[in-house]
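Right, one structure below, let's go through it.
2 protein chains.
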Amino acid sequence: MTVLTDRYACEREAIDAGLRAAAARLPAPAARIAAYHFGWTDAAGAPTDASSGKALRPLLTLLAAKTVDGDWRRAVPAAVAVEMIHNFSLIHDDIIDRDGLRRHRPTAWKVYGVNDAILVGDALHALAFEIIAEAGGECARSGAGLLAQTVRALIEGQLADTRFEERESVPLDECVAMSEAKTASLMGCATALGALFGGGTPAQVEALRDFGCRLGLAFQHVDDLLGIWGDPAVTGKAVFSDLRNRKKSLPVTAALGSGHRDVAELARLYGGTGLLTESELTRAAELVESCGGRRASRRAAETLTAAAAGGLASQPLRTDAVEELTSLAASTVGRTN
Amino acid sequence: MTVLTDRYACEREAIDAGLRAAAARLPAPAARIAAYHFGWTDAAGAPTDASSGKALRPLLTLLAAKTVDGDWRRAVPAAVAVEMIHNFSLIHDDIIDRDGLRRHRPTAWKVYGVNDAILVGDALHALAFEIIAEAGGECARSGAGLLAQTVRALIEGQLADTRFEERESVPLDECVAMSEAKTASLMGCATALGALFGGGTPAQVEALRDFGCRLGLAFQHVDDLLGIWGDPAVTGKAVFSDLRNRKKSLPVTAALGSGHRDVAELARLYGGTGLLTESELTRAAELVESCGGRRASRRAAETLTAAAAGGLASQPLRTDAVEELTSLAASTVGRTN
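Just so you know, the protein sequences line up as chains A and B, in that order. Here the working numbering is used: the first residue of the first sequence is 11, the next is one more, and so on. Here the working numbering is used: the first residue of the second sequence is 11, the next is one more, and so on.
Structure (structure tokens):
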């Protein structure tokens with residue numbers, strides 16, 4: 011993502027400054043853990059240059075503000091709030107999923123324990139609403155409502171996801187609905203808040219929300235592809251990690267529902283309970299591919315990205331800003347980490 | 011609390027209806043767990059008449075709205091939001107403290123597991139902000155800011171509380187600051203939001219907030235006394251429960267800092283790590299009393315309640331409503347459950 015970082019250096023800097031200023035309001039022990047989680051410090055509290063993530067969502071917020079001809083700087087609080095919500099959900103989801111690694115580093119609960127990680131997540135959650143409230147006026151009212159509905163969707167998605175693990179099979183439409191709730195809703199919130207804070211009309215806000223939701227679902231398809239075929243050195247996850255956890259991701263669900271003759275073998279591997287061997291993992295990945303799961307997710311990602319861009323045509327928006335937003339979308343869907 | 015329930019039947023009914031309507035917005039699995047937690051259903055989902063708590067905080071909100079000559083019905087959303095925040099923090103704190111019982115019933119995490127309990131807490135947290143946002147105008151803006159600051163204080167208090175357990179001794183002022191953050195802040199938020207939603211001036215909102223904060227600290231003193239000498243049949247906790255957990259509560263901290271000749275023996279019992287026997291627990295309770303801890307907390311509760319009532323005199327408020335509020339305060343501090 012080096013190219014993006016260069017292209018939006020100014021915006022990235024404003025987001026980083028906003029995040030740091032917001033996190034500084036937290037009670038000291040929570041601020042310390044948040045600084046570690048965001049990659050600003052190591053576990054001992056020393057400054058570090060670890061990656062603090064792609065900051066994709068807040069960048070989407072700022073670019074969305076530009077499309078409605080708004081000053082992107084006015085949308086920085088919204089961008090910060092979105093990133094706070096994203097990170098609150100990451101911290102809690104890592105506890106729930108017992109994930110020990112994030113961005114190539116031990117997760118917050120691994121370093122500081124489950125109790126403190128729960129509380130830091132809660133603190134980031136509240137902080138997001140505090141920042142939105144400070145904007146005042148319609149931004150505060152509509153923004154807080156939008157953010158709260160989004161958190162509800164995130165939770166709905168996470169509840170569905172944890173239940174998928176206990177089910178033998180999940181229909182593709184349920185898997186899509188889960189991804190919409192868990193991933194797409196927050197991206198839709200990111201772009202909608204950008205349009206709102208940029209001074210857009212309700213119709214513009216809605217159009218930008220649709221854009222973010224479609225992009226978010228495309229993003230999840232790509233993320234699920236990377237969870238199987240991604241390079242561990244780039245993704246920071248183990249090779250075949252989603253298969254190892256028998257995760258009912260979008261490509262796997264599409265494969266299992268394809269009716270292909272290899273489905274039975276894939277279902278057998280996924281239906282077991284023991285640890286999958288390396289050769290079984292390689293075989294499972296081959297089966298997801300032969301059953302068309304890889305192609306289905308790749309195509310869905312492309313179709314959704316195109317539909318997202320197309321949907322913006324319904325509104326009067328700044329052309330150069332729309333170009334920025336759609337090229338960020340395209341590079342996100344083509345990403346390798 | 012039967013007397014209070016009778017006296018404020020109408021208000022209680024409005025709170026209950028508001029809570030149920032709000033909880034109905036949650037994703038189905040979260041709504042089910044919330045209904046259990048609030049005491050509306052049993053673990054199997056069947057309606058029950060289990061106690062859903064005293065609803066003290068939302069009642070404070072509605073009575074505070076009356077003191078500024080406001081229509082208490084307009085403050086129902088604020089009351090519901092406060093109770094949502096209270097219950098989100100209860101659910102997360104029960105996980106953190108590994109508490110297995112609340113209101114005489116197994117806690118949410120005991121019945122539904124830690125993962126779902128984390129998510130339901132998160133959902134109630136977001137719901138509170140959603141309800142406040144819907145009020146619109148200044149109520150939404152100031153209300154959301156107040157609520158977010160309060161959550162930050164709750165978390166600060168809980169972080170301090172968990173760290174107290176690892177420390178050999180805690181000065182009384184730190185213990186008071188922890189109780190202010192963990193308990194008093196939310197009661198202050200409850201009364202402040204009532205005044206805000208009732209249409210009070212900023213000075214009235216501030217005065218009502220001070221009232222709630224003082225009452226909240228008085229409440230914590232009483233709660234800590236009940237944690238040692240409360241009747242298990244009434245409190246729903248084991249006898250001497252706070253001593254059993256070597257909790258550094260207000261009366262214990264006051265006793266340990268008293269300079270009394272019995273302090274050494276109390277410190278020895280509290281300094282150990284093994285399970286305390288029944289006779290050691292009885293002895294510890296005697297020592298807290300002989301070192302003046304019981305008297306100190308009783309007096310602090312009375313002084314704070316009187317100061318809370320006195321502080322309201324600085325503002326023009328409806329006399330009958332202030333009488334209602336102060337008598338609710340007095341009965342809270344004199345409560346046995």
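Just so you know, even glycine gets a beta-carbon here, dropped at the ideal spot from N, CA and C.
- Chain A places no beta carbon closer than 8 Å to that of PRO87(B), leaving this residue out of the contacts.
- Using a Cβ-Cβ distance cut-off of 8 Å, the stretch 249-263 of chain B and the stretch 297-312 of chain B are in contact, since at least three pairs of beta carbons, one from each stretch, lie closer than that value.
- The Cβ-Cβ distance between LEU297(B) and GLU275(B) falls below 8 Å.
- Between the alpha carbons of LEU36(A) and VAL92(A) lies a distance of about 17 Å.
- Looking at the backbone, the Cα of ARG173(A) and that of ASN125(A) are separated by about 23 Å.
- Non-local C-beta neighbours of ILE25(A) in its own chain, meaning closer than 8 Å and more than five positions away in sequence, comprise ALA65, PRO68, LEU69, LEU72, VAL86, ALA89, VAL90 and GLU93, ordered along the chain.
- As computed with DSSP, ARG115(A) is found in a beta bridge with ARG112(A).
- Under the Cβ distance rule, ALA154(A) counts among the residues neighbouring chain B, one pair being separated by less than 8 Å.
- Around the beta carbon of GLU190(A), 16 or more other beta carbons lie within 10 angstroms, which makes this residue buried.
- In the DSSP assignment, THR51(B) forms a beta bridge with PRO57(B).
- Residues are counted here when their Cβ sits less than 9 Å from a Cβ of chain B; for the stretch 188-214 of chain A these are ALA191, given in chain order.
- For the options ALA213(A), CYS223(A), GLY204(A) and LEU156(A), the alpha carbon positioned closest to that of MET188(A) is the one of CYS223(A).
- Residues of chain A whose Cβ lies closer than 7 Å to the Cβ of GLU216(B) do not exist, since the nearest Cβ in that chain is about 18 Å away.
- Shown here, HIS270(A) sits in coil according to DSSP, grouped into three states, outside any helix or strand.
- For TRP119(B) and ASP103(B), the gap between their C-alpha atoms comes out near 10 Å.
- Against ASP104(B), chain A offers no close residue; the least beta-carbon distance is about 11 Å (beta-carbon pairs closer than 8 Å).
- Between GLY226(A) and LEU196(A), the gap from beta carbon to beta carbon is short of 8 Å.
- Against chain A, the CB of THR172(B) has a partner CB under 8 Å away; the residue lies at that interface.
- Rounded to whole angstroms, the separation of the alpha carbons of LEU157(B) and GLU148(A) is 18 Å.
- Per the Cβ contact rule, the stretch 279-293 of chain A is not in contact with the stretch 204-215 of chain A (fewer than 3 Cβ pairs under 8 Å).
- Around the beta-carbon of VAL244(B), fewer than 16 other beta-carbon atoms lie within 10 Å, marking it exposed.
- Chain A has a Cβ within less than 8 Å of the Cβ of ARG162(B).
- For the pair ALA317(A) and GLY28(B), the Cα-to-Cα distance works out to about 40 Å.
- In summary, ARG108(A) is exposed, with fewer than 16 beta-carbon neighbours lying within 10 Å of its beta-carbon over all protein chains present.
- Here CYS223(A) carries a helix assignment [DSSP, helix/strand/coil].
- Proximity of the stretch 271-286 of chain B to the stretch 228-238 of chain B falls short of the contact definition, fewer than three beta-carbon pairs being nearer than 8 Å.
- With its beta carbon less than 8 Å from one in chain B, ASP132(A) belongs to the interface.
- According to the DSSP assignment, LYS76(B) belongs to the alpha helix (DSSP H) that extends over 66-77.
- Distance from the CA of ALA200(B) to the CA of ALA31(B), rounded to the nearest whole angstrom, comes to 20 Å.
- ALA136(A) and ILE165(A) have their C-alpha atoms roughly 15 Å apart.
- In this structure, DSSP gives GLN230(A) a helical state, which the three-state scheme calls helix.
- Taking a Cβ-Cβ cut-off of 8 Å, the neighbours of ALA158(A) in chain B comprise ALA136, LEU137, PHE139, GLU140 and ALA143, given in sequence order.
- Contact between LEU266(B) and VAL273(B) holds: CB atoms are separated by about 6 Å, below the 8 Å threshold.
- Neighbours of LEU169(B) in chain A, taken as residues whose beta carbon is under 8 Å from its own, are PRO37, PRO39, ALA40, ASP126 and LEU129 in chain order.
- Comparing C-alpha distances from GLU299(A) to each of LEU327(A), THR315(A), HIS270(A) and GLY282(A) shows the shortest one belongs to HIS270(A).
- Interface flag for GLY240(B) against chain A is unset, since no Cβ pair is found closer than 8 Å.
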